[in-house]
Amino acid sequence: MPPKKAPGKQATLGSFFAMPAGVKPPVPVKEEKVASSPAIEAGSSPVTEKKEEDVEVAEVKKDDDVKMSDAESDVEPSKKTTKRKVVDSSSESETATPKSPKTKRTKSPPKKQAKTTKRSIIETTNDSIDSAISVSKAAAKEDAATPEAESEVSDKEADVPDAVAKKAAEEIKAFKPAEKTKDWEKEGVPYAALCATFEKIESTTKRLEILSYTSKFFRTVIAASPGSLLQVVYLTINRIAPDYEGVELGIGEGLLIKAISEATGRSIAQVKQDYQETGDLGTVAQRSKGMQPTMFKPKPLTVPSVFSNLKEIATTSGQSSQAKKIGIIKKLLSSCQGNEAKYLIRSLEGKLRIRLAEKTVLTALAQAVVASEADKKGKIAKTEDIVQGEDTLKTVFSNLPSYDIIVPELLNNGVNGLGDRCTLTPGVPLKPMLAKPTKAITEVLDRFENQKFTCEYKYDGERAQIHLTPDGKSKVYSRNSEDMSGRYPDIVSRLERVVNDATKSFVLDCEAVAWDIQEKKILPFQVLSTRKRKDVQEADVKIKVCVFAFDLLYLNGESLLTKSLSERRTKMHEAFQEVEGEFLFAKWMDGQSIEEIQFFLDESVKDSCEGLMVKMLEGPESGYEPSKRSRNWLKIKKDYLAGVGDSLDLVVLGAYHGRGKRTNVYGAFLLGCYNPEAEQWESICKVGTGFSEEDLENHHKVLKEHVIVKPKGYYSVADSGPNKPDVWFEPRVVWELLTADLSLSPTYKAAIGMVNAEKGISLRFPRYLRVRDDKKPEEATTSEQVAEMYRAQASTQKASGGGAGGVDDDFEY
DNA sequence: CGGGATTCACG
DNA sequence: ATCGTTA
DNA sequence: TAACGATAGTGAATCCCG
Numbered sequence: 001m002p003p004k005k006a007p008g009k010q011a012t013l014g015s016f017f018a019m020p021a022g023v024k025p026p027v028p029v030k031e032e033k034v035a036s037s038p039a040i041e042a043g044s045s046p047v048t049e050k051k052e053e054d055v056e057v058a059e060v061k062k063d064d065d066v067k068m069s070d071a072e073s074d075v076e077p078s079k080k081t082t083k084r085k086v087v088d089s090s091s092e093s094e095t096a097t098p099k100s101p102k103t104k105r106t107k108s109p110p111k112k113q114a115k116t117t118k119r120s121i122i123e124t125t126n127d128s129i130d131s132a133i134s135v136s137k138a139a140a141k142e143d144a145a146t147p148e149a150e151s152e153v154s155d156k157e158a159d160v161p162d163a164v165a166k167k168a169a170e171e172i173k174a175f176k177p178a179e180k181t182k183d184w185e186k187e188g189v190p191y192a193a194l195c196a197t198f199e200k201i202e203s204t205t206k207r208l209e210i211l212s213y214t215s216k217f218f219r220t221v222i223a224a225s226p227g228s229l230l231q232v233v234y235l236t237i238n239r240i241a242p243d244y245e246g247v248e249l250g251i252g253e254g255l256l257i258k259a260i261s262e263a264t265g266r267s268i269a270q271v272k273q274d275y276q277e278t279g280d281l282g283t284v285a286q287r288s289k290g291m292q293p294t295m296f297k298p299k300p301l302t303v304p305s306v307f308s309n310l311k312e313i314a315t316t317s318g319q320s321s322q323a324k325k326i327g328i329i330k331k332l333l334s335s336c337q338g339n340e341a342k343y344l345i346r347s348l349e350g351k352l353r354i355r356l357a358e359k360t361v362l363t364a365l366a367q368a369v370v371a372s373e374a375d376k377k378g379k380i381a382k383t384e385d386i387v388q389g390e391d392t393l394k395t396v397f398s399n400l401p402s403y404d405i406i407v408p409e410l411l412n413n414g415v416n417g418l419g420d421r422c423t424l425t426p427g428v429p430l431k432p433m434l435a436k437p438t439k440a441i442t443e444v445l446d447r448f449e450n451q452k453f454t455c456e457y458k459y460d461g462e463r464a465q466i467h468l469t470p471d472g473k474s475k476v477y478s479r480n481s482e483d484m485s486g487r488y489p490d491i492v493s494r495l496e497r498v499v500n501d502a503t504k505s506f507v508l509d510c511e512a513v514a515w516d517i518q519e520k521k522i523l524p525f526q527v528l529s530t531r532k533r534k535d536v537q538e539a540d541v542k543i544k545v546c547v548f549a550f551d552l553l554y555l556n557g558e559s560l561l562t563k564s565l566s567e568r569r570t571k572m573h574e575a576f577q578e579v580e581g582e583f584l585f586a587k588w589m590d591g592q593s594i595e596e597i598q599f600f601l602d603e604s605v606k607d608s609c610e611g612l613m614v615k616m617l618e619g620p621e622s623g624y625e626p627s628k629r630s631r632n633w634l635k636i637k638k639d640y641l642a643g644v645g646d647s648l649d650l651v652v653l654g655a656y657h658g659r660g661k662r663t664n665v666y667g668a669f670l671l672g673c674y675n676p677e678a679e680q681w682e683s684i685c686k687v688g689t690g691f692s693e694e695d696l697e698n699h700h701k702v703l704k705e706h707v708i709v710k711p712k713g714y715y716s717v718a719d720s721g722p723n724k725p726d727v728w729f730e731p732r733v734v735w736e737l738l739t740a741d742l743s744l745s746p747t748y749k750a751a752i753g754m755v756n757a758e759k760g761i762s763l764r765f766p767r768y769l770r771v772r773d774d775k776k777p778e779e780a781t782t783s784e785q786v787a788e789m790y791r792a793q794a795s796t797q798k799a800s801g802g803g804a805g806g807v808d809d810d811f812e813y
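Here the first sequence stands for residues 1 to 813, numbered as in UniProt numbering.
Shown next as structure tokens:
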């Protein structure tokens, strides 16, 4: 059944702005004791406030020499933490902290040393931030209380629920919105408070600490300004609306650099230079601001104001929209203080990069809500309640991934019974279940020993979650919950032909695959990707698709997630009927022997599939687990199997500066194959994955000796565009790469003219394997070999297509 | 109308 | 996709 | 070992700027 609030689009959009003002006072929640189950405390993650304190205590003890001086003065926390391997000497002078953790990580130092240093940084940073933003009196009390509590804790640790509960009680009682948070209710949460939390989080790599900082901050927000909670959550996961609403900022690196440049009066070249050195635009913005003389102190930013500005950026379109967006960013930047610029820019980049993402945010939110509920009743949150809350919230969110619905529901009615109020609803996409990759059939047999399992073809197309609501509306969602109905009007309209009479509402998990009507065959993914994206009219659909259905998650008002796969599959077959070339059930086979699987795998490859999915068939473990990469679904991909995957030896022609943790090394490389006839190297792909951090350092060391100012005359590469490397190399180094597939490319030059007059060949999913010291650059894979690999692949895809002739046909759409 | 920037799909 | 860190 | 987050790829469509 639908949740109380309809998951409609317009309603949620508007509600953001209304939220801070129209806060409903939290409703007292009915007391409900959860039977304590012994399984839980033995279990995985009973993270309570209690335990987190333990961590902090331990650290304080170890680092007696922690510098506290900053904590007293109202210093901007940023001063210290901004400094990130910075060259600019002028801004260095006032700080004492030696290094940032980030710099160290990229250097891969001896681990023990790193840890010690990191700890002391954590402590100083946290203290100074706490005081700087004065989160609440509670924070101060916590700190004060810590030393006494310590002995209790470390002694009994293992099983003293009483002591634990006692400590938790103290903490929760101590936790009150202090005077300084009083105006949070009026103005909304200060953006500085959120950024201070980000700063703390960024300062550690410990997941429990990250979780703790997040949940404490959420508790503060719930207590002081619940109306900001939804926006705080959105800013923390760095989004502005549910995925399926399709609200995008439309801001990328280029515009951001322009905005920073304009806002700080520095040249674009300077900003780019800094970006290359720091690997982080946020830091660049903050530093650039620091170099400007500040005339007067701007009005502090608040979470609601930042959030509504982001929304505004997202909804701005049309002529000179880019200028308008830049204008908004400049205005925001001018109001930023301390570290706010850093996180504002990172938000706009779409990457907070503080090791905090959705899963952890959900856990923290659950903890905070449970703790706050108990707090309101003057009680103590029990560990079981917290663990259960985390569980409930995660499940609920998987089924109904909308903070717009869940957060108000949590605030009004708490986490108890949330699972009944917010359920899987046709019309709201749920997170698809994912499969674990395996490398061999034996691995599959090991996993499913003595269990019933089934095999299905793994189709090479696009995941499509098809919904039909009881009022007869249908939608198609992508793997990432984007609304694709406008891209697939043909799928929407064919539903009536495939749905049986008794089927009134459903959620169906499928793969949409490009379909050759003449040959009645599957076409490669590259064909599918040439389909128009927006406002497709059914009449002018050029690329036909066939839907392959493989799972049914909801039928006629009932969620089937907890049913076994065999039951779901039976219901699916009853509820739908196949129509050739339009709607088919994924081909499956229930055989359990290695021979049967091997045979089926070979068949799937012959039938233009990527390999197999192998799934638990019976019992509770065969339930559908949204968003989980579960061991109950495995995939066997053909290119992982011996002999089917392709390996090439390629020459490194150029490289791109790394970012984030790859600052100061090359982050990606341009590779080429060799054409002995033309005596030239031809670009074939970029590669940026498969390297260990050590590899990257070594490659940087070796390759920087071969840097040349411009490409050799005997390099055949695209003359411009984003593929142009930041640095070029002499042709010296040869690497072995793995790839899944080869594709015809408009940008790369490899084997150009050999299978297609204008297009070269590139690699799909290239990954670095190892150095080939034993090969000279002239011994690299040749263009002719590349062309041959492409032809071989094309002939399997086209079956009897007849070699090169058929190759071009595949792509003449 | 071409090219740059952005977003999205796949892995 | 792969890798590294944490638990 | 699993979970999670951070780093990367090609290619196409689409939007906006000049």
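Think of the CB as a built atom: it goes at the ideal place given N, C-alpha and C, for glycine as much as any other residue.
Classify Tyr714 as buried or exposed, calling it buried when 16 or more other Cβ atoms lie within 10 Å of its own Cβ. The residue is exposed, with fewer than 16 neighbouring Cβ atoms inside 10 Å.
Could you compute how far the alpha carbon of Ser783 sits from the alpha carbon of Asp649? Approximately 11 Å between the Cα atoms of the pair.
Spatial neighbours of Phe525 in its chain, beta-carbon cut-off 7 Å, leaving aside the 5 residues before and after: So the qualifying residues of the chain are Asp460, Gly461.
Cutoff 8 Å; reference Ala357; Cβ partners in own chain excluding five residues on either side: The answer, listed in chain order, is Ile237.
Out of curiosity, what's the CA-to-CA distance linking Pro401 and Val733? Between the alpha carbons of Pro401 and Val733 lies a distance of about 47 Å.
Would the beta-carbon of Ser566 fall within 8 Å of that of Leu424? No.
Determine contact between the stretch 285-303 and the stretch 671-688, defined as no fewer than three beta-carbon pairs at a distance below 8 Å. Fewer than three pairs of CB atoms, one per stretch, sit closer than 8 Å, so the stretch 285-303 makes no contact with the stretch 671-688.
So what does DSSP say about Glu52, is it helix, strand or coil? With a pLDDT of 33 at Glu52, under the threshold of 50, the predicted position of this residue should be treated as unreliable, and no value is reported.
Quick one: is Glu578 buried, meaning 16 or more other Cβ sit within 10 Å of its Cβ, or exposed? In the assembly as shown, Glu578 is an exposed residue. Its beta-carbon has fewer than 16 other beta-carbons within 10 Å.
From which residue to which residue does the beta strand (DSSP E) around Asn632 run? Start and end: 629-637.
Going by beta carbon distance, what residues of the same chain come within less than 7 Å of Cys422, once the five residues before and after it are set aside? The beta carbon of Cys422 sits closer than 7 Å to those of Pro3, Val396, Leu400, Ile405, Ile406, Glu409, all from its chain and outside the five residues before and after it, given in chain order.
Report the rounded CA-to-CA distance for Met613 versus Ile636, giving the unit in angstroms. Distance between the alpha carbons of Met613 and Ile636: 6 Å.
For Arg662, which three-state DSSP category applies? The answer is helix: DSSP assigns Arg662 an H, G or I state.
Specify the secondary structure class of Pro777 as computed by DSSP and reduced to three states. The answer is helix: DSSP assigns Pro777 an H, G or I state.
If you reduce the DSSP assignment to three classes, tell me which class Gln337 lands in. Coil, per DSSP.
Should Asp130 go down as buried or exposed, given a rule of 16 or more other Cβ atoms within 10 Å for buried? Caution applies to Asp130, whose pLDDT of 34 falls short of 50 and renders its modelled position unreliable; the model cannot decide the point.
Do you know how far the Cα of Ala750 is from the Cα of Asp88? Unreliable placement is indicated for Asp88, whose pLDDT of 31 sits below 50; no coordinate value is reported for it.
Inter-stretch contact at 8 Å, needing at least 3 Cβ pairs: the stretch 646-666 / the stretch 696-705: Yes: at least three Cβ pairs fall under 8 Å.
With Leu552 as the anchor, note down where its beta strand (DSSP E) starts and where it stops. Taken as a continuous stretch (DSSP letters only), the beta strand (DSSP E) holding Leu552 covers 545-555.
Residues in its own chain within less than 6 Å of Ser215 by CB, not counting five upstream and five downstream? So the list reads Ala364, Gln367, Ala368, once near-sequence residues are dropped.
Reduced DSSP category for Pro722 - H, G, I as helix; E, B as strand; rest coil: Residue state, collapsed to three classes: coil.
Simplified DSSP assignment, three categories, for Met572: Reduced to three states, the DSSP call for Met572 is helix.
If Leu634 sits next to Arg447, beta carbons under 8 Å apart, how far is it from one beta carbon to the other, in whole angstroms? Rounded to the nearest angstrom, the Cβ distance from Leu634 to Arg447 is 6 Å, consistent with a contact under 8 Å.
Counting only the same chain and skipping the five closest in sequence on each side, list residues whose C-beta sits under 8 Å from that of Lys30. A caution first: Lys30 carries a pLDDT of 31, below 50, which makes its placement in the model unreliable, though a value can still be read off. Only residues of its own chain outside the window of five on either side were considered, and among them Asn416 have a CB closer than 8 Å to the CB of Lys30, listed in chain order.
From what residue to what residue does the beta strand (DSSP E) around Arg767 run? Its beta strand (DSSP E) spans residues 767-771.
C-alpha distance - Ala224 paired with Val547, whole-angstrom precision: About 50 Å.
Is the CB-CB distance between residue 818 and Leu555 below 8 Å? Only positions 1 to 813 of the chain appear in the structure, and residue 818 is not among them; the question remains open.
Are the stretch 452-471 and the stretch 604-612 touching by the rule of at least three beta carbon pairs closer than 8 Å? By the C-beta criterion, the stretch 452-471 is judged to be in contact with the stretch 604-612, since at least 3 inter-stretch pairs fall below 8 Å.
Note down, one range per segment and in chain order, each alpha helix (DSSP H) of at least 4 residues found wholly within the stretch 204-289. If one requires a minimum length of 4 residues, the alpha helix (DSSP H) runs lying completely within the stretch 204-289 are 207-224, 229-237, 253-264, 268-278, in chain order.
I'd like to check one pair, Arg659 with Gly279: are the Cβ atoms closer than 8 Å? Result yes, Cβ atoms of Gly279 and Arg659 sit closer than 8 Å.
Below 6 Å CB to CB, which residues in the same chain sit around Asp274 once its five sequence neighbours on both sides are set aside? Cβ neighbours of Asp274 beyond the five flanking positions: Val284.
Using 8 Å as the Cβ pair cut-off and three pairs as the minimum, do the stretch 588-604 and the stretch 493-506 touch? The stretch 588-604 and the stretch 493-506 do not touch, with fewer than 3 CB-CB distances between them shorter than 8 Å.
Kindly identify the DSSP beta-bridge partner or partners of Tyr477. Answer is Gln465, Asp483, bridged to Tyr477.
Using three-state DSSP, classify Cys195 as helix, strand or coil. Here Cys195 sits in helix by DSSP.
In angstroms, rounded to a whole number, what distance separates the CA positions of Lys475 and Tyr488? Distance between Lys475 and Tyr488, taken at the CA atoms: about 9 Å.
In three-state DSSP terms, what is Ser559? Three-state result, Ser559: strand.
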